[in-house]
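For the sequence shown, this note's numbering puts the final residue at 814, and the numbers step up evenly by one. Virtual Cβ for every residue (Gly too), placed ideally from N, Cα, C. All values derive from a computational prediction rather than experimental measurement.
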Amino acid sequence: MTALPRQARVVIVGGGIVGTSVAYHLTKLGWRDVVLLEQGRLSGGTTWHAAGLVGQLRSSSNLTQLIRDSVDLYGRLEAETGQATGWKRCGSISVARTAERLVQLRRNASVARSYGIDAEEISPKQAGERYPLMRTDDLIGAVWIPGDGKANPADITQALARGARAGGAQVHEGVKVTGVKLERGRVAGVQTSQGDITSEVLVNCAGMWARQLGRMSGVTVPLHACEHMYMVTNPIDGVTPDLPVMRDGDGHVYFKEEVAGLLMGGFDPWAKPWGMDGIPEGFSFGTLPEDWGKFEILMRHAIERVPALETAPVRLLMNGPESFTPDNYFILGEAPEARRYYVGAGFCSGGIAAAGGAGRALAEWIVEDRPSMDLWQADIRRFAPFHANPEFLRERASEIVGVHYFVAFPNRELESGRGLRRSPLHDRLQARGACFGNKMGWERPNWFALPGVKPETVYSFGRQNWFPQAAAEHRACREAVALFDQTSFSKFFVQGPDAESVLQRLCANDVAVPPGRIVYTAMLNERGGFESDLTVTRVREDAYFVVSGSAQTTRDASWIRRHIPPEARATLTDVGSAYAVIGAMGPRARALLSRVSGEDLSSAAFPFATSREIGIGRATVRASRITYVGELGWELYVPVEVAADVYDTLREAGGDLGLVDAGYYAIDSLRLEKGYRAWGRELTPDDTPLEAGLGWAVRFDKGSDFLGRQALLARKGQPLARRLVSLVLEDPELLPWGDEPIWCDGSLAGSVTSAAFGHTLGRGVALGWVRRSEGVDADWLESAGVEIEIAGQRHGARASLRAPYDPDGRRVKS
Ligand SMILES: Cc1cc2nc3c(=O)[nH]c(=O)nc-3n(C[C@H](O)[C@H](O)[C@H](O)COP(=O)(O)OP(=O)(O)OC[C@H]3O[C@@H](n4cnc5c(N)ncnc54)[C@H](O)[C@@H]3O)c2cc1C
C-alpha cells in the first residue's frame, strides 16, 4: 500500500459509488493528483447493500441525461477495467392498479420519449407476458422501458476505483477525514486519522456522514438517514436473469431478480429516520435490525402482485440506512459557504442509478470551476441553513421516502416540516381561507377557499377543487384589484461606492440608472445562460435593492458575492426577512392606493418601472411600479413590523373596489397569459436571453462589459434554432400542467416548461421550448401544426413568440 501523500490537488472523502465515480471521471478529464479517502472499506457505507435498480427517467431532461450517462458507463466499464459489474439491461415494467396511476405512467412515458428514452404503454396482458409471475387481473395498464437495467453496486464501485487508479488516482482505505481546513473561505486541506493533506479542492461524498462532515466547515448538507428495506428469496421457478425490474407504485413495492430468486423492496409512506444522534463510529458494511412489523405492509402488497412470494422461502431481510434530502433530489455542486468545497451526496435511494452521470457532472464542475449544464434540481444552492436543522430533517426525511411511489399529482405539496417560515400576514390570510403551499420553507397562499369551504387541495390530474376560486382571483386581478402576499421573494441590498460597477458587470441590462428606477435584468454566466433573472432598483447613488425568486436566495447571494472583486467597495446583505411584500395588482390598484396614501400615483408622477417610499396609512413603505401578473400595480416592500397594519389598511379601503386576496395559482395563470418567464422553469443556465425572447433586457451598448456578453455577441444575428414560445390549447376543456412534449408538423420539437388554465383566454396556456434546425421564427410557428401531448394524446395548440394576452402591455403601463 502506498503511503498517504501530504499534498494532493483534490481530496475526495468517501469510497462509495459516488466518490469512486468522481475519482474515475476526474482522471478521465486529465487530473492525476487525485486522492480518495475511505474510512472503512470501499462500498462499505450504503452502496454495498443497494438493490441495484437503474431506472432512467427523472423529472428533468438534464437529470435524466445523467442517468443515461450512468447506463452508458456501466455498459462499458467491465470491458474497460476487467472488473465485473453485474450490469444487465433487463428493462423495466411499471404497473398501474388505479386510473390516476395510469395517467401518471402515461405522462411519464410521454416525458421519457421527449427525453429520448424508449417507453411504451403496454396492456396488463402484455405486462404479464413479460413478467409471468405477476398477477394482472387487477391492473389497468403498464409502461415498458426496455433500456432500464440492474447492476451490482459493490462491483461497480470496485470497477470505478480500478479505473480511477489506472488513471493515476490514489485510493486509500481505512483513512478517516477528521477535519477540513479552510483559509480565507477556500479549501486548504484536510486532517485525517493518518496525518494532514494540503489540497485546493475537497469533495464531500461521505453519504449519510456528509452532513456531519459539512458541519465541521460550516457547510450546509441537508440530508438524514432513514431505514430502507428489502427482502431476498431463495430461487423461485420462472425467475430468470432476464426478468425485467418491476415496479408497482400503488403497492409501494419493486421487484428484481437476484440469484434466481426475487429481491422485493419498497418505499412505505412514512419511513423510520435513523442515526438521530449521529452515525455510530465504525459503521461499515453495517445493517440495521430486521423490522418485520414495518415491512409487513409492503409484503402484503407484494404478495398481491406476485403470489409466488407467499410460499417462497425468504433468504434475507435487509434493512440498511440511506440518506434522504428535504426534496427527494440529490445534492451536487460547490458549497456556497466555501470555495472549492464540493458535495455529491444525499442520493435518496437512487445513487446507483445516478452515480455514473453525477460523478461525471461533478468532476466537470470541479475541473471547469463551473457546472457544464443546468443541474438546478440537484444544485446544493437550492438549500438554506434551515434545511439542515436535524429536527426539520427528521420530520421531512420520513415523508420523503414514501414520495417515491406517491402518485405525482401536479402541485402536490409535502406535509411535513410545514409552518416554519411564515409571513407576518400568515394568520390573517389563514383566517381568510388561504390554502398554503411551500417554497423555500415559506408558507405561501396558493388559493383562498370561500367561507365554509375547507382550504385543502384535492389532488387530481384534471381540474382540482380550487379551480373556481383561482379563476375568481384571476378575474378580480384582471378586472378590479387583488392583494398578493409575495413575502417569500429573495431580497438583497448591494451597497457601497462600487455597487454600480459590480452590478453592471453582473447584469446584462444597464443598471446605471438614476435613483428611483427599476431595471429588469438577467445575470448571465460565461455561456450567456441565465444564472438568475431579477429586478434591480437603484435606491440611492450607492445602494441597490435586488429582488429575485423565492427559491434563489442562496444561489443569487452566492453568485453576487463571488463576483464582488476583493478590492471593490461593495457588500451584499440578505434582507429577505426584513420586508414583507404585498402586491396590489389590477386596474383599480391606483384607486385603492390613492385612498390610503397622499401620494400622486398618476402615471406621470409615478411611471412604470419606478420605485419610491410612500405612506400607506400610518406606515412608510417602498412602492415599486412593477408587475408579474400583467396588470397595473405596485409591489409594496413593507418593513415586517408594519406589514399587518398595511394589510388591514388596504383591506378596509378596498371593499367596494372588488378587492380580493389572491394566491400563487392565480399568479401562475396571470403571468402565463402575459408570457412572463420564471427562472428555474423557462429560464435556466442553459438558455440565453436571445432564445428566451428577452433580448430587449440586454444592453450590449451600455458602455461596460458584462458576464455573458461575448457569448451572446457570438450568437447574435444567427438563426435561433431553439426558442421559448407561448402556447394556447385549442380545446378549452384541456389542462396542461407542465413538462408535456410539444410536437410541430408531426415531429417532437420540445417541451412545455410551465402551464396553467388561462381564465381570461378561457383555455390552457403554457410556455415551452421549441427547436428547429433551420430556426424558429414567427412565420414558421404560424403554420407549424403545433400539438401538445398530454398523457399520450396529442392536442392542437397555437404557438407564438408574443404573449397571448394584451401583447402591447397597455394595461400594465396605463
Ligand atoms: C436498501 C437499499 C436499497 C437501495 N437500492 C437502490 C437501487 O436499487 N438503485 C439505486 O440507484 N440506489 C439504491 N439505493 C441507494 C444507494 O445505495 C445509495 O444512493 C448510494 O449507495 C449512495 O452512495 P454514496 O457513495 O453516496 O454513499 P456511501 O456508499 O454511503 O459512501 C459514502 C462513504 O463515505 C465514507 N465516509 C464517510 N465519512 C467519512 C470520513 N470522514 N472519512 C472517510 N470516509 C468517510 C463512508 O465510510 C462510506 O463508505 C439503495 C439503498 C438502500 C439502503
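Item	Value
Residue 253 CB to nearest heavy atom of ligand 1 below 8 Å	no
Contacts around residue 794, its chain only, beta-carbon distance under 8 Å, and the 5 residues preceding and following it disregarded	743, 787 and 788
Segments of 3+ residues assigned as beta strand (DSSP E) that fall wholly inside the stretch 305 to 366	314 to 324, 331 to 334 and 341 to 345
Own chain residues within Cβ distance below 6 Å of residue 346, not counting five before or after	223, 323, 325, 330 and 331
Nearest-angstrom Cα separation, counted from residue 801 out to residue 777	8 Å
Sheet register partners of residue 742 (DSSP bridge)	750 and 788
Helix, strand or coil at residue 226 according to DSSP, with G and I counted as helix	strand
Residues that residue 544 bridges to, as DSSP identifies them	494 and 538
Range covered by the beta strand (DSSP E) that runs through residue 25	Segment 17 to 28 is the alpha helix (DSSP H) holding residue 25; no beta strand (DSSP E) there.
Span of the alpha helix (DSSP H), counted from its first residue to its last, around residue 720	No alpha helix (DSSP H) holds residue 720; DSSP gives it neither H nor E.
Boundaries of the alpha helix (DSSP H) in which residue 400 is found, first to last residue	390 to 403
Beta carbon of residue 469 nearer than 9 Å to that of residue 447	yes
Buried or exposed by the 16-neighbour rule on C-beta atoms within 10 Å, applied to residue 193	exposed
Residue 21 vs residue 359 beta-carbon contact at 9 Å	yes
Other residues of its chain near residue 412: CB distance less than 8 Å, five sequence neighbours each side excluded	406 and 459
Secondary structure of residue 584, DSSP reduced to three states	strand
Beta-ladder partner(s) of residue 639, from DSSP	579
Any 3 or more C-beta pairs closer than 8 Å across the stretch 517 to 533 and the stretch 710 to 722	yes
Same chain, Cβ closer than 8 Å to residue 372, neighbours up to 5 away in sequence not counted	361, 364 and 365
Rounded separation between residue 288 and residue 159 - CA only	27 Å
Check whether residue 385 and residue 220 have beta carbons under 9 Å apart	yes
Element boundaries [alpha helix (DSSP H), containing residue 156]	153 to 166
Length at least 3, wholly inside the stretch 128 to 154: the beta strand (DSSP E) runs in chain order	141 to 145
Top-ranked residue by Cα proximity to residue 662, from 584, 689 and 257	584
Check: residue 323 C-beta below 8 Å from any heavy atom of ligand 1	yes
Distance, residue 338 Cα to residue 514 Cα	35 Å
Beta-carbon gap between residue 784 and residue 799 smaller than 9 Å	yes
Cβ-based burial, residue 815 [other Cβ within 10 Å; buried from 16]	In the structure displayed, the chain extends from 1 to 814; residue 815 sits before or after that span and is not available.
Cβ-heavy atom distance, residue 176 to ligand 3, below 8 Å	Ligands present in the displayed structure are limited to ligand 1, and ligand 3 is not among them.
Nearest neighbour of residue 44, chosen from 208, 71, 666 and 763 [CA to CA]	208
Per-residue burial, residue 149 [other beta carbons within 10 Å of its own, 16 or more giving buried]	buried
The stretch 32 to 52 touching the stretch 161 to 172, judged by at least three CB pairs closer than 8 Å	yes
Ligand 1 heavy atom lying under 8 Å from the CB of residue 66	no
Residue 376 burial status per 10 Å Cβ neighbour count (16 or more: buried)	buried
Close Cβ partners of residue 503 (< 7 Å) along its chain, the five nearest in sequence each way excluded	494, 511, 536 and 544
Proximity below 9 Å, CB of residue 509 to CB of residue 699	yes
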